[in-house]
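Chains as they are written, first to last, in our numbering: chain F, 166 to 431; chain Y, 140 to 286.
All remarks here apply to the structure that follows.
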Amino acid sequence: VTAVLLALLLVQEPRPNTLVEVALIGTGQRTTLEAILAADSVLLLPARELHLFLGLPEPTTAWVPLPELVRAFPSVTWTWLPRQLRLVVDDRRNVLPASQALHDRLTRQARDAPPITVTRGGPFLALAADDQGRQLVEGGYSYRGRVAAHLRHTSTRGSAWALSWVPSTALFLSYADGDQQPPQVAGRLARGPAWVSAAWTPDRWSADGLVVLGPVALFASTRNSFALTLRGPVDLQIGRTGDVTTGRLSIGPVHPSPFSVPVVPR
Amino acid sequence: VAADLRPGIKLLTMLSLALLAAPATAQVASVLTLGAAGEVTTLVRNPSVVEAVRVTIALHHGSVVDKQVVLEREVGALVAPATFTLAPGESQTVRIRVREAVPAGTVLRLVTTFTPTAADAPAPGSETAPVARVIMATRLITKVMVP
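And the structure:
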């Protein structure tokens, strides 16, 4: 009986007959999946691998037909190119968790990023003057955006200078000083799900941090504030700044920033 | 030319033209290298402007004996698509995933066969009279290197 059942299962279990490259536009992520091109030209994709690639929850079926994906995610463009054996997924609204994760990672890298983001090196200079007789001169040198020296002189506030070092997209360090400003050391680390930004002056220091674990993000700051963000069909945020605790519920395509503490204006 | 020689000359001319035309109407990469996870992707093109072709692809073990490539058993691999039709000028991406362990340094053979789709249709005039025709199928055997 077991042998018959196994034989039946083998007969009923569809076998992959094609290889499809699934590409998520804008993220540079792609994977090749063993899929089934049915006799009626419907493409069936392996649900587990596809859900893993797109960051979706564990599926309940072994195979997912392409028309079902189109119905489930109407704002996502699914383009099946049979001559290229390629499925192009264009998720411009960041509906899919994989797109959201990339967007969030880019946001973390961009937050408190170095002011000079050029990739080629060379000197730079700018002059400005207004009809009140004030002048501004600023210039410096950037070595491919990785190391930069920045000098600034204004007729009103004197001189200031800064040095910055960007060894990788994850790390940024800077030192700044000037005639009318205290020396300041600042740094920012954005690596994987973690983001930390800190600044120090002789009078005070501050640090902000964010950790993202799936749909949960926790932001905390030494400036006496924190925010816990839970993403889902309904986004939930709980935050505290000063001595005020605030909760926020939201729905729709615009998700709350995990860096912002919800507040109700007084 | 003697009348009894004309059919032979005509046949010889047609065969010569077919032999010249066949290599030009089928194009595949001459050497492929198996990538990570035993995968390789290639493009198969039908450069003919007039003739559609049916393409079948298979991956074989092979060896060279007396300067001749000898095809051996088929490699356990998913070839997608293994059979397809190309209209004149069309191309098709072919992906291959090898499912069996193949030692590094092995040279596999990709066998690509191009058959004009005209072969599937009855010969013109064959409904009323016996018709003889020559269909030239082109088989290209190219290398797939296992690094």
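We put the CB at the ideal spot given by N, CA and C, even for glycine.
Source: prediction; values computed, not measured.
- With a cut-off of 8 angstroms on Cβ pairs, the segment 388-403 of chain F is in contact with the segment 415-424 of chain F, counting three or more such pairs.
- DSSP places D269 (chain F) in the uninterrupted alpha helix (DSSP H) bounded by 262-275.
- For D255 (chain F), the three-state secondary structure derived from DSSP is strand.
- The alpha-carbon of A243 (chain Y) is positioned some 5 angstroms away from that of V285 (chain Y).
- DSSP, read as helix, strand or coil, puts L395 (chain F) in strand.
- Taken in chain order, the unbroken stretches of beta strand (DSSP E) that lie wholly in the segment 182-235 of chain Y and span 3 residues or more are 192-204, 207-213, 216-219, 222-225.
- Y306 (chain F) is not a Cβ neighbour of A293 (chain F), given a cutoff of 7 angstroms.
- Residue state for D400 (chain F) is assigned as strand, using DSSP reduced to three classes.
- In this model, R276 (chain F) and V331 (chain F) are separated by some 14 angstroms (Cα to Cα).
- In this structure V237 (chain Y) touches L173 (chain Y) by the C-beta definition: roughly 6 angstroms separates them, less than 8 angstroms.
- Along the segment 406-420 of chain F, there is no position whose C-beta sits under 8 angstroms from a C-beta of chain Y.
- With contacts defined by Cβ atoms closer than 7 angstroms, S230 (chain Y) and L182 (chain Y) form a contacting pair.
- Closest in C-alpha terms to T183 (chain F), from the list F:L202, F:L234, F:A364, comes F:L202.
- With a cutoff of 7 angstroms on beta-carbon distance, G343 (chain F) and A325 (chain F) are scored as near each other.
- Counting along the chain, no beta strand (DSSP E) covers R236 (chain F); the unbroken alpha helix (DSSP H) around it starts and ends at 231-237.
- N389 (chain F) has its alpha-carbon roughly 39 angstroms from the corresponding atom of L189 (chain F).
- Ranking F:S415, F:V409, F:S425 by CA distance to the CA of R431 (chain F) puts F:V409 first.
- For R184 (chain Y), no CB of chain F lies under 7 angstroms from its own CB, so it is not counted at the interface with that chain.
- Assigned with DSSP and collapsed to three states, A175 (chain Y) falls in helix.
- Close to chain Y, meaning a Cβ-Cβ distance shorter than 9 angstroms, are the following residues of the segment 225-259 of chain F: L246, P247, R248, Q249, L250, R251.
- Along the segment 175-202 of chain F, the positions whose C-beta sits under 9 angstroms from a C-beta of chain Y are P181, N182, T183, L184, V185, E186, T197, E199, A200, L202, read in chain order.
- Less than 7 angstroms separates the beta-carbon of R309 (chain F) from that of G286 (chain F).
- Against chain F, the beta carbon of Q231 (chain Y) has neighbours under 7 angstroms at R248, listed in chain order.
- Between P255 (chain Y) and I235 (chain Y) a beta carbon distance of about 25 angstroms is seen, past the 8 angstroms cut, so the two are scored as non-contacting.
- Here the C-alpha atom of T245 (chain Y) lies approximately 10 angstroms from the C-alpha atom of K282 (chain Y).
- If you draw a 10 Å sphere on the C-beta of S329 (chain F), you find 16 or more other C-beta atoms in it, and that means buried.
- In the DSSP annotation of this structure, the continuous segment of the alpha helix (DSSP H) that includes L217 (chain F) starts and ends at 212-219.
- A straight line joining the alpha-carbon of R251 (chain F) with that of Q194 (chain F) spans about 13 angstroms.
- A distance below 7 angstroms between beta-carbons, with the five flanking residues on each side excluded, links A276 (chain Y) to the following residues of its chain, in chain order: T252, F253, T254.
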